[in-house]
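Sequence lines, in order, name chains A, B and C.
So that you can map any letter, position 270 of the first sequence is 269 in numbering that gives the first Met the number 0, and since no number is skipped, the others follow by simple counting.
So that you can map any letter, position 48 of the second sequence is 47 in numbering that gives the first Met the number 0, and since no number is skipped, the others follow by simple counting.
So that you can map any letter, position 347 of the third sequence is 346 in numbering that gives the first Met the number 0, and since no number is skipped, the others follow by simple counting.
A quick write-up on the structure given underneath.
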Amino acid sequence: MKPLVDPDILEKCSLYPDYVEAKLGFRNHWYPTLLSEELAEGEFKAHEILGDRLLLTRVDGEVFAVRDRCLHRGVPFSRKPECYKKGTITCWYHAFTFDMASGELVDIMTNPRSNLIGKTGIAAFPVQEAKGLIFIFMGDDEPAALKDDVPPGFLDEDVCIRGIRQEVAANWRIGCENGFDSTHVFIHKESILLDGNDIALPLGFVPTSRDTFKVVTEEEGPKGIYDLLAEHCEPVFEGTVQGETVLQGHMGETRVASDISIWLPGVLRVDPWPDPSLTQFEWYVPIDEERHYYIATLGRKIATSEDESAFADEFENKWKDLALRGFNDDDIWAREAQQTFYKNDEAWYKEQLFEPDRNISKWRQLASEHNRGIQRYEHLL
Amino acid sequence: MKPLVDPDILEKCSLYPDYVEAKLGFRNHWYPTLLSEELAEGEFKAHEILGDRLLLTRVDGEVFAVRDRCLHRGVPFSRKPECYKKGTITCWYHAFTFDMASGELVDIMTNPRSNLIGKTGIAAFPVQEAKGLIFIFMGDDEPAALKDDVPPGFLDEDVCIRGIRQEVAANWRIGCENGFDSTHVFIHKESILLDGNDIALPLGFVPTSRDTFKVVTEEEGPKGIYDLLAEHCEPVFEGTVQGETVLQGHMGETRVASDISIWLPGVLRVDPWPDPSLTQFEWYVPIDEERHYYIATLGRKIATSEDESAFADEFENKWKDLALRGFNDDDIWAREAQQTFYKNDEAWYKEQLFEPDRNISKWRQLASEHNRGIQRYEHLL
Amino acid sequence: MKPLVDPDILEKCSLYPDYVEAKLGFRNHWYPTLLSEELAEGEFKAHEILGDRLLLTRVDGEVFAVRDRCLHRGVPFSRKPECYKKGTITCWYHAFTFDMASGELVDIMTNPRSNLIGKTGIAAFPVQEAKGLIFIFMGDDEPAALKDDVPPGFLDEDVCIRGIRQEVAANWRIGCENGFDSTHVFIHKESILLDGNDIALPLGFVPTSRDTFKVVTEEEGPKGIYDLLAEHCEPVFEGTVQGETVLQGHMGETRVASDISIWLPGVLRVDPWPDPSLTQFEWYVPIDEERHYYIATLGRKIATSEDESAFADEFENKWKDLALRGFNDDDIWAREAQQTFYKNDEAWYKEQLFEPDRNISKWRQLASEHNRGIQRYEHLL
């Protein structure tokens, strides 16, 4: 089986080799998959992440996930899911029947006396549902605590989360770096989010010191990095070419995005955004080498059920179209345009980073050092 | 030129290495190509099998086949077949003209004094037409007898054959194994063939002895294997999951499919099927690594021309739609669903066969031992 | 990085190894790209040739070309060209701004104090506009004189040129060889160009001596080869198969195409054609391994502006549809039909050339010996 990345290339990227190799993502981490609302009681759905194909179902409210491939001849259950007893999946081909919770082969209807029954099975993956997202632990190690794989604040009891899920034709790392990249703000200079929202949106940022980030790698809790833009950068509101002013940033009274951080296994937190009362949490979940799911959510602190339904209304009628689509759609096409270059692994050392990208280098190093494993094709067979 | 299959994988499949390697089929065997009715007098048709591209034509009733690629600059004649003298093909590009029977270069109209004329040519393949099918011997050895490459009974004088040809997006071996696999009966549990046909169709089979097959490898005649289901298996009519009955097989009075056998180079015989008066013969002919032609035929013994036209009517008005399409369409999608896994060669040792699959293992061994060669990309250049 | 062509194959093609290797074309030559009329003042256009992606623009009438990939994160400028100062291109992603003439990084609007400014840049390519075509020098050597990369007569002051540009799904070498190949005339035997044009068009040519070409490889000027058909060949007007006459060539009074020559880096001259008053010049410009631009032009000597507009009318109303499309469309599909075979590198030694193809062998040798370099994937990173 050929290596994910040519060893010569990895050597040239010696500051963050794991990151360059992790085309399919990092293993033994929690990833959001479907939104809770996407999986009804008794429903079966196929879902591809980290190059693997999963089958999800919901039984008495609880979600279970197994690899979507029969032990016997390898066909996907999801091609025609058959369920004859709650909590099981029967393969449509030869009636191998598995327990959805454990993956155990509990029966074979075409040969009920087979010696295989009760002695083998398929991979089952730990599942946790939180804040309207179905998280799956992709790996075979003992699962970590979910709180160690999400940004600070996301699981807070008083925070209500709402979001959307989209497929993007770019590697997941392109997603992470587009999100954490401060100067990519330039692409948003004409965003419809700016119409009628009095926010300050500069054209770029001049770093005023090298120390513009805070790395979090305590034993307990998530591993991530804060980019302290507000403290160590000077926003650029005048765009100049060869001494001539040619562009203006959007001067507004409202300060947003003062606190931007990225966390393993690939999730961004922007606080506050797109409004002083909201925080954006967004995941870039590997599908395969060339695609990721972009799961963008907004969180707001709520105290009452009136708060909650007010937020639900505001989300549906304002923020979903204006921020999660209108504003972030620019990011989607930017990532897809970047993929053409980065699908060649040589790109990781042929690129030419500049001063504001120091946070991106730091993120690559943190991810290389603190990931719990690299997903490889061997894991999928 | 890279090997068809990684040698490490072949070593892990040491019980039937030739079979695992024969992605493009076995060489030096007879294969059906077009139905006779698909090729009219004087017509030229391109046809791809075993990774090779053929040009077929019919001259005074007789069919000829050459490789569909000009000797000179490699273009396919079939792009614009030009024929200026019966029994020849002239390349549309530079007028190299070949005899369709021998492949010999008999003239070059653009340079009629060329030294090449009469001294070289293209590959011509032996052809035999039988029972409404055009058979071609794919190889360069002395052709075997056609009767050694078809199932017993197929060529019997009193048997009338009718069939259809379909393209399936799966390797040819997936086709063979789907056909010979007894417990795949499970996928047909709701087939429209069962409506109004009083046949017995169980959900599966429990082997009651290890000795459920008969291998035929005499020097003369076809090489194949019978699965003696009726003798050594117990049909399963009650489907149970964890002790609970959840499904019923189709209990009918009519016994069919008591005699199932598979033959080199990849053809199944089911007798009787789909009716006590009929036998099904079906071929899985490699097109390329990922596709095969599924040529499914029904045979009936006939004594008179009234019998023959009664069968023709019955075939057109009943069996074609009910059996060769309605029932077998389930097999087509099952094979296509299996291809995703088996297109990775690792599948041949990652699969988990169970007791009723012993006939499949036996078939793989027989094919590995008795084939007349493996088709390789070198043969196509 | 894997080699363009397997070394074993190159060894078997030892008469013209460079030619066989030059799938992506020859480097350090001038190639026509867009027609002048395809690029308006201030417009930006992406254009792929020799596997590379260029961005072209026109500033105060002059054309400039840079590689269409930002230095920083590799995105194509052409995805959303932004120009804030004449003669510059600003990357839409992080506002890296380059001088279109030199490729120099002249500003970064998102971080105007970056140390990179003025110290680095992207590849800029020499451009010359002549006879309605935009020529680009694809390489990094000192550019040659344009006159050394075009056929004799093309740049003559009294010659007016008009043409069209088409994309063909075949390697560029297939284009060259189809054009220079004398016996491919066979495919044009029913061309609409023959209707009402009294030209002589034989079915083929019998070489009457081995010495049917004149090689031009002076130090100065273009390198090419003339095929002296009129002097050393006998035209074939009777097509025979096994002694029987089956076809007739087109007997006309007008003699055309008496002087056919091909020139590095891949351009044909047919004189006169399609009429005694015209000369055809046509280029086969590599796009990638599997496609080329076919830039076909006609030239006529003119003395006055009335001559020029008469030619313009005649070109638009007659020759464009009759010759550059009607007649040459046959060549396009012939090339595309040939690509299937030649996309396998083995084709270069599996082909079977015949006597009239000696000019093609000579062309391959000339190209192998006199090219200024082979374009490789390394050059594109």
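Beta carbons are placed, not taken as given, at the ideal position from N, Cα and C, and that holds for glycine.
Exercise. For the alpha helix (DSSP H) that residue 12 (chain B) lies in, which residues bound it at each end?
Worked result: Residue 12 (chain B) -> no alpha helix (DSSP H), and no H or E assigned at all.
For this session: Could you confirm whether any beta carbon from chain B is found closer than 9 angstroms to the beta carbon of residue 238 (chain C)?
Result: The beta carbon of residue 238 (chain C) falls within 9 angstroms of a beta carbon belonging to chain B, placing the residue at that interface.
For this session: List the residues of chain C whose Cβ lies closer than 9 angstroms to the Cβ of residue 96 (chain B), in chain order.
Result: Simply 240 and 241.
For this session: Examine chain B for any beta-carbon lying closer than 9 angstroms to the beta-carbon of residue 182 (chain C), and answer yes or no.
Result: Yes, contact with chain B.
For this session: Just tell me which of C:288, C:117, C:183 and C:215 has its CA closest to the CA of residue 248 (chain C).
Result: When only C-alpha atoms are compared, the closest one is C:183.
For this session: Would you decide whether residue 96 (chain B) is buried or exposed? Buried here means 16 or more other CB atoms lie within 10 Å of its CB.
Result: When all chains shown are included, residue 96 (chain B) counts as buried.
For this session: Note down, in chain order, all residues in the stretch 338-366 of chain C with a beta-carbon under 9 angstroms from any beta-carbon belonging to chain B.
Result: Correct list: 339, 340, 341, 343, 345, 346, 349, 350, 351, 352, 353, 354, 355 and 356.
Exercise. How many Å lie between residue 152 (chain A) and residue 50 (chain A) at the Cα?
Worked result: When only Cα atoms are considered, residue 152 (chain A) and residue 50 (chain A) end up about 29 angstroms apart.
For this session: Evaluate residue 1 (chain B) with the Cβ neighbour count: other Cβ atoms within 10 Å of its Cβ, from every protein chain shown; 16 or more gives buried, anything less gives exposed.
Result: When all chains shown are included, residue 1 (chain B) counts as exposed.
Problem set entry | Cβ-Cβ distance between residue 263 (chain C) and residue 279 (chain C) below 9 angstroms | For the pair residue 263 (chain C) and residue 279 (chain C), the CB atoms are not nearer than the 9 angstroms cut-off.
Exercise. If you run the structure through DSSP and keep just helix, strand and coil, what is residue 2 (chain A)?
Worked result: If DSSP states are grouped into helix, strand and coil, residue 2 (chain A) belongs with coil.
Problem set entry | Under the three-state DSSP convention, the category residue 64 (chain B) falls into | Note: residue 64 (chain B) maps to strand in three-state DSSP.
For this session: Could you list which residues in chain A have their beta carbon closer than 7 angstroms to that of residue 113 (chain C), in chain order?
Result: Simply 353 and 354.
Problem set entry | Unbroken beta strand (DSSP E) run spanning residue 29 (chain A), endpoints | Residue 29 (chain A) -> beta strand (DSSP E) spans 28-34.
Problem set entry | Minimum C-alpha distance to residue 243 (chain A) - residue among C:87, C:259 and C:367 | Answer by Cα proximity: C:87.
For this session: Taking C-beta pairs closer than 8 angstroms, name the residues in chain C that residue 73 (chain B) reaches, listed in chain order.
Result: By Cβ distance, chain C contributes 337, 339, 340, 341, 346, 349 and 350.
Exercise. So, residue 150 (chain A) versus residue 267 (chain A), is the Cβ gap smaller than 9 angstroms?
Worked result: In this structure, residue 267 (chain A) lies closer than 9 angstroms to residue 150 (chain A) by Cβ.
Exercise. Does any CB atom of chain C fall closer than 9 angstroms to the CB of residue 105 (chain B)?
Worked result: Yes, contact with chain C.
Exercise. Quick one, which residues of the stretch 199-231 of chain B are near chain A if we go by CB-CB under 9 angstroms, in chain order?
Worked result: Residues passing the 9 angstroms Cβ filter: 201, 202, 203, 204, 205 and 206.
Problem set entry | C-alpha distance - residue 342 (chain A) paired with residue 137 (chain C), whole-angstrom precision | The C-alpha of residue 137 (chain C) is placed about 24 angstroms away from the C-alpha of residue 342 (chain A).
For this session: Find the nearest neighbour of residue 17 (chain C) within the set C:366, C:274 and C:377, judged by alpha-carbon distance.
Result: Of C:366, C:274 and C:377, the residue nearest in Cα terms is C:366.
For this session: Please state if the CB of residue 170 (chain B) and the CB of residue 288 (chain B) are separated by a distance shorter than 9 angstroms.
Result: A contact, by the Cβ cut-off of 9 angstroms.
Problem set entry | Exposure label - residue 21 (chain B); buried when at least 16 CB within 10 Å | Residue 21 (chain B) should be labelled buried.
For this session: Go ahead and label residue 303 (chain B) buried or exposed: buried means 16 or more other beta carbons lie within 10 angstroms of its beta carbon, across all protein chains shown.
Result: By the neighbour-count rule (16 or more Cβ atoms within 10 Å), residue 303 (chain B) is not buried but exposed.
For this session: Find the residues of chain A that neighbour residue 119 (chain C), judging by a C-beta separation of less than 9 angstroms, and give them in chain order.
Result: Ordered by position in chain A, the residues that pass the 9 angstroms Cβ test against residue 119 (chain C) are 351.
For this session: State the Cα-Cα distance for the pair residue 29 (chain C) and residue 53 (chain C), rounded to the nearest angstrom.
Result: C-alpha separation (whole angstroms): 14 angstroms.
For this session: Tell me where the alpha helix (DSSP H) around residue 210 (chain A) begins and ends.
Result: Careful: residue 210 (chain A) lies outside any alpha helix (DSSP H) and carries neither H nor E.
Exercise. How many whole angstroms separate the CB atoms of residue 361 (chain A) and residue 236 (chain A), which I take to be in contact at a CB cut-off of 8 angstroms?
Worked result: No, residue 361 (chain A) and residue 236 (chain A) are not in contact; Cβ-Cβ is about 26 angstroms, not under 8 angstroms.
For this session: Compare the C-alpha of residue 344 (chain C) against each of B:72, B:261, B:56 and B:45 and name the closest.
Result: Looking at the Cα atoms, B:72 is the closest of the given residues.
Exercise. What residues from chain A crowd round residue 192 (chain B), counting only those whose CB sits closer than 7 angstroms?
Worked result: The contacting residues do not exist; residue 192 (chain B) stays about 18 angstroms from chain A at best.
Exercise. Can you tell me the Cα-Cα spacing of residue 36 (chain C) and residue 162 (chain C), whole angstroms?
Worked result: Rounded to whole angstroms, the gap between the alpha carbons of residue 36 (chain C) and residue 162 (chain C) is 11 angstroms.
Exercise. Listing by chain order, which chain B residues have their CB less than 9 angstroms from the CB of residue 186 (chain C)?
Worked result: Under the 9 angstroms cutoff, chain B gives 79, 91, 92 and 93.
For this session: Give me the Cα-Cα distance between residue 173 (chain A) and residue 75 (chain B), rounded to the nearest whole angstrom.
Result: Taking the straight line from one Cα to the other gives about 44 angstroms.
Problem set entry | residue 356 (chain A) and residue 180 (chain A) closer than 9 angstroms at C-beta | Yes.
Exercise. With a cut-off of 8 angstroms, do at least 3 Cβ pairs link the stretch 104-124 of chain A to the stretch 190-198 of chain A?
Worked result: When C-beta atoms of the stretch 104-124 of chain A are compared with those of the stretch 190-198 of chain A, fewer than three pairs fall below 8 angstroms, so the two segments do not count as touching.
Exercise. Of all Cβ atoms in chain B, is any one closer than 9 angstroms to the Cβ of residue 68 (chain A)?
Worked result: Closer than 9 angstroms to some Cβ of chain B, the Cβ of residue 68 (chain A) qualifies, so yes.
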